[in-house]
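The numbering of the sequence shown is this note's numbering, which starts it at 38 and goes up by one. Glycine is no exception: its CB is placed at the ideal position from the N, C-alpha and C atoms. From a predicted model like this one, the values you see are computed outputs, not experimental measurements. Structure record follows, encoded as structure tokens.
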Amino acid sequence: MKLPLTVPTSSVARNALVLIAVVASGAALYWLRDILTPLAMAIFLMIMIDGVKRAIETRTPVPSRFAGTAALILVVLGFLLSIWIIVDGAAGFFTDASGVSANIGPRLDQIIHDASALVGVADPPTLQDLIAGIDVRGWLTQAAMQAQGVASGAFFVMVYLGFLLASQAGFRKKIVAMFPERGARNEAMEVFNRVRGGVEGYLWVQAVTGAMICLVAWILMRAVGLQNAEFWTFVIFIVGFIPVLGGAIAGCAPPLFALVQFESYWPALILLIGLQVLLFVVGNMIQPRMQGDNQNIDPVVVLLALALWGKMWGVPGMFLSTPLAVMAMAILAEFKGSRWIAVLLSGDGEPYAPRKSDPRAEQKRKSWFDFLKGRGKPSHEKGGKED
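Here it is as structure tokens:
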């Protein structure tokens with residue numbers, strides 16, 4: 038009889054402990070989502086502010102002492118403006134004077150009739166028949182509550198961001214006290230830089246490719262005469278930060294709106310084909326070349342992270358799913374007991390894969406946290422030389 042495989046008790050206990058910790062952490066993240074979601078968004082905005090600050094310092098003539106303020110203003114205004122455009126544009130869709138919203142019911146009835154004629158249905162149902170058993174009032178109430186939640190969530194994000202910015206000085210001292218030795222401090226900074234680089238790389242790639250998609254999509258929508266083309270362009274840019282699901286929304290929402298607006302099906306068909314070709318080219322040819330080593334994440338992990346964080350935190354979790362996966366991989370790779378999880382999360386099995394960078398560009402980069410490498414040293418290190 039074949040003997041069972043024997044595994045060292047220490048390895049089994051360590052892996053079991055890691056698994057229990059992951060499950061317990063997931064449960065805590067779910068139950069505390071109302072508190073943690075705005076905090077996570079605030080930390081995400083803080084990383085964005087840090088990246089914009091360094092970009093302003095290296096690529097603009099703005100003095101370094103004003104770069105942080107300029108970055109803060111740009112990111113906060115961009116965040117609040119995005120929420121206002123989405124909410125105002127969605128409300129304007131139902132109250133516009135163009136008559137499109139009033140024509141939704143008859144137009145959908147016509148689409149159902151034409152589709153039924155293609156499949157040979159003699160007496161097709163109307164839209165009113167289809168939604169007779171649906172609690173439309175409940176849906177509208179839930180949508181109103183979601184809109185209210187977005188507004189209150191944005192307020193708490195700003196509150197958390199303000200306190201995070203105010204507590205920076207104390208946080209720096211705590212980090213120095215936690216890592217008094219130069220080697221440990223440098224290792225902690227490497228982890229932070231890896232997380233920051235992954236998040237900033239994700240933001241940069243999504244922003245640039247999103248701008249490309251939006252430019253071509255806006256031209257297509259204006260060419261066919263789609264109303265509210267600017268609003269849909271902005272929606273396409275925002276949902277582009279949601280992996281997988283964002284592309285589906287960007288490729289289907291404008292054609293569906295064109296079905297309601299136009300009597301002919303050709304504008305919707307042109308938009309559907311054009312957007313799908315555009316998303317395919319950008320997603321399979323341009324975006325992978327730009328990503329490089331910035332996102333060393335397995336595609337299956339990206340999909341699972343989207344589903345997991347979307348389930349736990351809703352729409353904010355979908356936006357933060359990829360950055361959170363990058364953070365998790367970088368942190369888990371630092372510990373022996375959890376390194377195997379980081380290997381599974383990585384795209385090539387090497388969570389510590391070296392990144393190519395321009396030494397001159399790296400020398401110019403400055404961050405609010407970079408001073409930790411040289412300042413706040415213990416007394417026995419002040420007289421020494423930097424390595």
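In this structure, the straight-line span from the alpha carbon of I110 to that of I334 is close to 32 Å. By the C-beta density criterion, L296 is buried, having at least 16 other C-beta atoms within 10 angstroms. Under the criterion of beta carbons closer than 8 Å, P98 and G190 do not qualify as touching, at roughly 36 Å.
With a minimum length of 4 residues, the unbroken runs of alpha helix (DSSP H) contained wholly in the segment 254 to 315 fall at 266 to 276 and 282 to 298.
Around the beta carbon of I86, 16 or more other beta carbons sit within 10 angstroms, so the residue counts as buried. Around the beta carbon of F103, fewer than 16 other beta carbons sit within 10 angstroms, so the residue counts as exposed. A direct Cα-to-Cα measurement between L316 and V232 gives close to 28 Å. Collapsing the DSSP output to three states places S383 in a strand. Within 10 angstroms of the beta-carbon of T270 lie 16 or more other beta-carbons, which makes it buried. With fewer than 16 other Cβ atoms inside 10 Å of its own Cβ, N223 counts as exposed. Between Q324 and A362, the alpha-carbon positions lie close to 19 Å from each other. Put simply, the segment 372 to 381 touches the segment 48 to 63. At least three CB pairs are less than 8 Å apart.
Each residue's CA atom was taken as its position, placing L155 and L198 some 55 Å apart.
Between F356 and I273 a beta carbon distance of about 15 Å is seen, past the 8 Å cut, so the two are scored as non-contacting.
Remark: C-beta atoms of F294 and L252 do not approach each other more closely than 9 Å.
Between the alpha carbons of L312 and G88 lies a distance of about 31 Å. For L66, the CB contacts under 7 Å within the same chain, skipping 5 residues up- and downstream, are L73 and M349 in chain order.
Between A287 and I250 the beta-carbon gap is near 7 Å, inside 8 Å, which marks them as a contact. For the 9 Å CB-CB criterion, P292 and L308 form a contact. By the beta-carbon neighbour count (other beta carbons within 10 angstroms, threshold 16), G235 is buried. Among the bridge pairs identified by DSSP, I334 is matched with S383. In the displayed model, K373 falls within coil according to three-state DSSP, outside both helix and strand.
The alpha-carbon of L69 is positioned some 26 Å away from that of Y239.
Burial state of R326 is exposed, judged by a 10 Å Cβ sphere holding fewer than 16 other Cβ atoms. L201 sits away from A290, with the two beta carbons spaced by 9 Å or more. DSSP, read as helix, strand or coil, puts P98 in coil. Across the structure, M258 and S101 are spaced so that their CA atoms are roughly 41 Å apart. In this structure, A152 places its C-beta atom within 9 Å of the C-beta atom of P161.
Closest option to S358, judged by alpha-carbon separation, among I212, A344 and A244: A344.
If you ignore the 5 residues before and after P304, its C-beta comes within less than 6 Å of the C-beta of V261 and A295, all in its own chain and listed in chain order. Residue burial annotation: L382 is buried, with at least 16 other C-beta atoms found within 10 angstroms of its C-beta. When A206, L340 and I122 are compared, the shortest CA-CA separation from A266 is found for I122.
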